[in-house]
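Heads up, the sequence shown is in the numbering used here, so the first residue is 15 and it goes up one at a time. Where is the CB? At the ideal position from N, CA and C, for every residue including glycine. Only one structure is covered here, and it is reproduced in the block below.
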Amino acid sequence: MTSTTWEALRPRVAPAPFHRAPIRRTAPPRRVAVVLNPASRRPDVTRHRLTQACAQLGRAALRVWETTLGDPGTGQARAALDWGADTVIAVGGDGTVRLVAGELAGTGIPLGVVPAGSANLYARNLGLRPGPSWRNVRVALAGPLAAADLGQVVCVRDGHPDAVQPMLVVAGLGRDAQAVDQVRHGLKRALGWVAYAEAGVHRVLARGVPMDLRLDDRALHAEAWTVLAANCPRVLDHIVAFPGARLDDGRLEVLRLALANPLQWIPVAAKGVLHFRATPSPLRYDTVERLVARTTRPLPAQIDGDVIPGVTQMTVTVRPGVLRVAVPPRLGGAGGSR
């Protein structure tokens, strides 16, 4: 093996998710709003610890809004802003967090995250481990603030565009969305992100899907297992699928997965898990500000794990730096931990 080949194959440390270092808060919050998914893990523990933490901050006012099946986060975040919250904490999984983030975008109000869902992809990219730990509560209330991008997704179904949806981690069209859609609910609750991997295994033999893509101003036709647009480097847990993605660069990393045979999954998986420098041929990366993906037949799309059925076109764009997200003190760009 030549030295050049070894260097390409040598595992490397996963990239820091931000280019710019977070900024320390100058004052503690006074009006803390919590948008809590009651189906999240240990919600009573989260309430108790947030109440105690607010008391330690000088008796900051705390108010909790619970999500519902009919309103899984948007209305509660709006109510929190109307109440005058100067910090909003989302307690739940990626679906709860992304909807709250969508309402906070552009307001300057900090977003704290207490990850208590199944996959918790965004929280993992922020350096948070799942659960209502004291560390997560402290970070949400008092951690430094990073300026983060927010993705926007518009799906076309039955010839009509849906409302704009916020995206924090990844949006996809194709077989990956089918895999997410097939995650068994009981397995998802029991195993978390492992359930998504289990579902994906059952789709590995599926054929690619013909798609017409527009990457900014460049048009192309592809037959891909899936097309993904990402704002974060990590998916699942330790898998870095988008090594060039950053949360604050105003860009999306687009991945086309084109598989000629099932054996090509081996180098694809090795790159994601072991962080090899070499890029296997089935993986086609582009960095863009706008992705448009069209198919000739309806397919499911997914936004941060939330599935949208019957999609014939998906458009993904990015709003640079519109979020203020609380992160652990040592997370960031230059000067942050890697």
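| Item | Value |
| --- | --- |
| Please classify residue 66 as buried or exposed, where buried requires at least 16 other C-beta atoms within 10 Å of its C-beta. | exposed |
| For residue 89, report the span of its alpha helix (DSSP H) as first-last. | 88–97 |
| At the level of alpha carbons, what is the spacing between residue 181 and residue 344? | 25 angstroms |
| Which residues bound the beta strand (DSSP E) around residue 108? | Premise fails: residue 108 lies in the alpha helix (DSSP H), 108–118, not in any beta strand (DSSP E). |
| Beta strand (DSSP E) containing residue 301: first to last residue? | 297–302 |
| To which residues of the same chain is residue 256 closer than 6 angstroms at the C-beta, ignoring the five residues directly before and after it? | 244, 247, 267 |
| Is the beta carbon of residue 153 less than 8 angstroms from the beta carbon of residue 341? | yes |
| So, helix, strand or coil for residue 333, using DSSP? | strand |
| Would residue 301 and residue 168 qualify as a contact pair, given that the criterion is a beta-carbon distance under 8 angstroms? | no |
| Roughly how many whole angstroms lie between the Cα atoms of residue 173 and residue 157? | 44 angstroms |
| DSSP beta-bridge partners for residue 77? | 47 |
| For residue 312, collect the residues of the same chain with a Cβ closer than 8 angstroms to its Cβ; drop the 5 residues on either side in sequence, then sort them by chain order. | 171, 323, 324, 325, 326 |
| How long is the line joining the alpha carbons of residue 337 and residue 85, rounded to whole angstroms? | 22 angstroms |
| On the CB-based measure, 16 or more other CB atoms within 10 Å of its CB, does residue 224 come out buried or exposed? | exposed |
| What residue range is occupied by the uninterrupted beta strand (DSSP E) comprising residue 65? | Unbroken run through residue 65 is the alpha helix (DSSP H), 57–70; no beta strand (DSSP E). |
| How would you call residue 117, buried or exposed, if buried means at least 16 neighbouring beta carbons within 10 angstroms? | buried |
| Would you call the stretch 91–98 and the stretch 57–74 in contact, with 3 or more CB pairs under 8 angstroms? | no |
| Please confirm whether residue 262 and residue 109 have their CB atoms less than 8 angstroms apart. | no |
| Using 8 angstroms for Cβ pairs, my map puts residue 107 next to residue 51. What's the rounded Cβ distance? | 7 angstroms |
| Enumerate in chain order the residues of its own chain whose CB-to-CB distance from residue 177 is below 6 angstroms, with the five nearest sequence positions on each side excluded. | none |
| Is residue 265 helix, strand or coil when you go by DSSP? | coil |
| Starting from residue 149 and walking both ways along the alpha helix (DSSP H), at which residues does that stretch end? | 148–156 |
| Using DSSP with H/G/I as helix, E/B as strand and the rest coil, what is residue 208? | Model confidence at residue 208 stands at a pLDDT of 41, short of 50, so the residue's coordinates are unreliable; what they give is reported in the following sentence. Three-state result, residue 208: helix. |
| Quick one: give me the first and last residue of the beta strand (DSSP E) that residue 242 is part of. | 240–244 |
| On the DSSP letters alone, give me the boundaries of the alpha helix (DSSP H) that residue 135 sits inside. | 135–139 |
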